[in-house]
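**Student:**
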Amino acid sequence: MDPRSEVLLRQAELFSDKVLLAGLPADDLLGQLPQAHGWSWHAGEQARLDLRFAGRCQFGVTPPAADFSAAVLFLPKSRELTDYLLTALAARLPGAELFLVGEKRAGIERAAKQLQPFGKPRKLDSARHCQLWQVHIEQAPATPDLEALAKHYQLPLADGPLQVVSLPGVFSHGRLDRGTALLLEHLDGLPSGHLLDFGCGAGVLGAVLKRRYPASRVTLLDVDAFAAASSRLTLVANGLEAEVLNGDGIDAAPVGLSAIVSNPPFHEGVHTHYLASEQLLRQANRHLQAGGELRLVANSFLKYPPLIEEHLGACQTLAAGNGFRIYRARRKA
Numbered sequence: 001m002d003p004r005s006e007v008l009l010r011q012a013e014l015f016s017d018k019v020l021l022a023g024l025p026a027d028d029l030l031g032q033l034p035q036a037h038g039w040s041w042h043a044g045e046q047a048r049l050d051l052r053f054a055g056r057c058q059f060g061v062t063p064p065a066a067d068f069s070a071a072v073l074f075l076p077k078s079r080e081l082t083d084y085l086l087t088a089l090a091a092r093l094p095g096a097e098l099f100l101v102g103e104k105r106a107g108i109e110r111a112a113k114q115l116q117p118f119g120k121p122r123k124l125d126s127a128r129h130c131q132l133w134q135v136h137i138e139q140a141p142a143t144p145d146l147e148a149l150a151k152h153y154q155l156p157l158a159d160g161p162l163q164v165v166s167l168p169g170v171f172s173h174g175r176l177d178r179g180t181a182l183l184l185e186h187l188d189g190l191p192s193g194h195l196l197d198f199g200c201g202a203g204v205l206g207a208v209l210k211r212r213y214p215a216s217r218v219t220l221l222d223v224d225a226f227a228a229a230s231s232r233l234t235l236v237a238n239g240l241e242a243e244v245l246n247g248d249g250i251d252a253a254p255v256g257l258s259a260i261v262s263n264p265p266f267h268e269g270v271h272t273h274y275l276a277s278e279q280l281l282r283q284a285n286r287h288l289q290a291g292g293e294l295r296l297v298a299n300s301f302l303k304y305p306p307l308i309e310e311h312l313g314a315c316q317t318l319a320a321g322n323g324f325r326i327y328r329a330r331r332k333a
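Quick note on numbering: the sequence shown equals residues 1 to 333 in the UniProt record's numbering.
Encoded structure:
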C-alpha cells in the first residue's frame, strides 16, 4: 500500500461517502473505500486500476462528470498542475471538503499553501513521511479552462517556425529542453514508413517528424493524459495530422515501425525511474520492422549503449553535447 493511501486510511471515516480520489496510486485504496471513485491521468496506473476495479476510475484531463461529496488530490510533482487540479476540484465542491495528501519530500507543506484561495487549510495528519491537509471550500472558483493555462512558444527551425503548446504538468513545460534540442539537429535520414515519437510530451519531436516526413505515418505516444492533450494542441497549431496515443511504455506502441525517435523519460514524480526507458531499449526490436531504426537522446551518464547492443544491434553515437548523447541503432534485416 502506498504510504499516502495509508495516511488516508488512518482517517477512513472522512472518506466513507462518494469521494473522488484524484491522481490515486494503483494500490488497494479503492478496495478499502468502496464508495470512492478515482480520476487518473497516468495510463499505466489507470490500466492497473481498471483490472481490479473496473468502472471505478476515469482517465483524462478533467474531473469525472458524476457528483462527489469530497475530493482528495494526491500531490503531483508540478506546481502548475497542482494549481489546475485543485481549482478544477474546488470548482465542483462549494461548501464541501477538499483534501491534499503527499510526501514531505515532495513538498506537501509548501503545496498546502495552494489551498488558501479556497478557505483556511488545516493539517489533519502526519505519518509515513506524508501529510494530509483539508480545506472547507468557502470560495468556490470558476471551472478552469485548461487550454487557457497552456504556455505557447515558438521554435525557429530551418524549415520554418514550429508552434509548441505545453499544458501544466507536461515535461519541460513552456520551454525546449536541451536533450530534445540536440535531437532535433539529428533527425535526417530516417527510414520512411511509420514513425513513432515515444514519450512525446508536448509533441515537439512528433510534429517535426510529420512536417519533415509528410508521406510517413506518425504516431505520438505518452503515458500522461496531459502530454497527449498537449501534443494534439501542438499538431493543430501547426496544421499537422498525426495519431496520438496514451499508453504505458513501449508495449502500447504499434508494431511494424520504420523508426522510433525518443527523448525517453526517466523521471517520474519525486522518484527516479528508468523502467520505461530500459523497456524501450529491450523491446524496440519487437516494434521495429527489419531495418527499422531507434534514434534517441539520453543523458551521457546513462549506460544505454550496452542495452541497445544486447537487444537491438550495433549502437552508434551520432553526437554529444551539453551532457547528452544521440544514439542510433538498426534492427537487423
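From the three backbone atoms N, C-alpha and C, an ideal C-beta is built for every residue, glycine too.
Taking DSSP as the reference, what is the three-state secondary structure of Asn285?
**Tutor:** helix
**Student:** So, does the segment 301-308 touch the segment 184-201, judging by three or more C-beta pairs under 8 Å?
**Tutor:** The segment 301-308 vs the segment 184-201: no contact.
**Student:** Quick one: is Asp17 buried, meaning 16 or more other Cβ sit within 10 Å of its Cβ, or exposed?
**Tutor:** Result: exposed.
**Student:** Mind checking Arg331: buried by the 16 CB within 10 Å criterion, or exposed?
**Tutor:** buried
**Student:** Let me make sure I understand the geometry here. Which of Leu162, Ala237 and Ala91 has the alpha-carbon closest to that of His136?
**Tutor:** Ala91
**Student:** Spell out whether any CB of chain E is found under 9 Å from the CB atom of Leu205.
**Tutor:** The structure shown has no chain E; it contains just one protein chain.
**Student:** Can you tell me where the alpha helix (DSSP H) holding Ser5 begins and where it ends?
**Tutor:** Pro3 to Leu9
**Student:** Quick one: is Leu8 buried, meaning 16 or more other Cβ sit within 10 Å of its Cβ, or exposed?
**Tutor:** Flag for Leu8 reads buried.
**Student:** Enumerate in chain order the residues of its own chain whose CB-to-CB distance from Pro76 is below 8 Å, with the five nearest sequence positions on each side excluded.
**Tutor:** Excluding residues up to 5 positions away in sequence, Gly23, Thr82, Leu85, Gly169 and Gly269 lie with their Cβ nearer than 8 Å to the Cβ of Pro76 in the same chain.
**Student:** Which complete alpha helix (DSSP H) runs does the segment 100-174 hold, if anything under 4 residues is left out?
**Tutor:** 108-112
**Student:** Among Ala329, His287 and Gln116, which residue has its Cα nearest to the Cα of Glu310?
**Tutor:** Ala329
**Student:** Please report the Cβ distance between Arg295 and Val261, rounded to the nearest whole angstrom; I am assuming they are in contact, meaning their Cβ atoms lie under 8 Å.
**Tutor:** Confirmed, Cβ separation roughly 5 Å.
**Student:** Which stretch, first to last residue, makes up the alpha helix (DSSP H) that contains Ile250?
**Tutor:** Per DSSP, Ile250 belongs to no alpha helix (DSSP H) and is neither H nor E.
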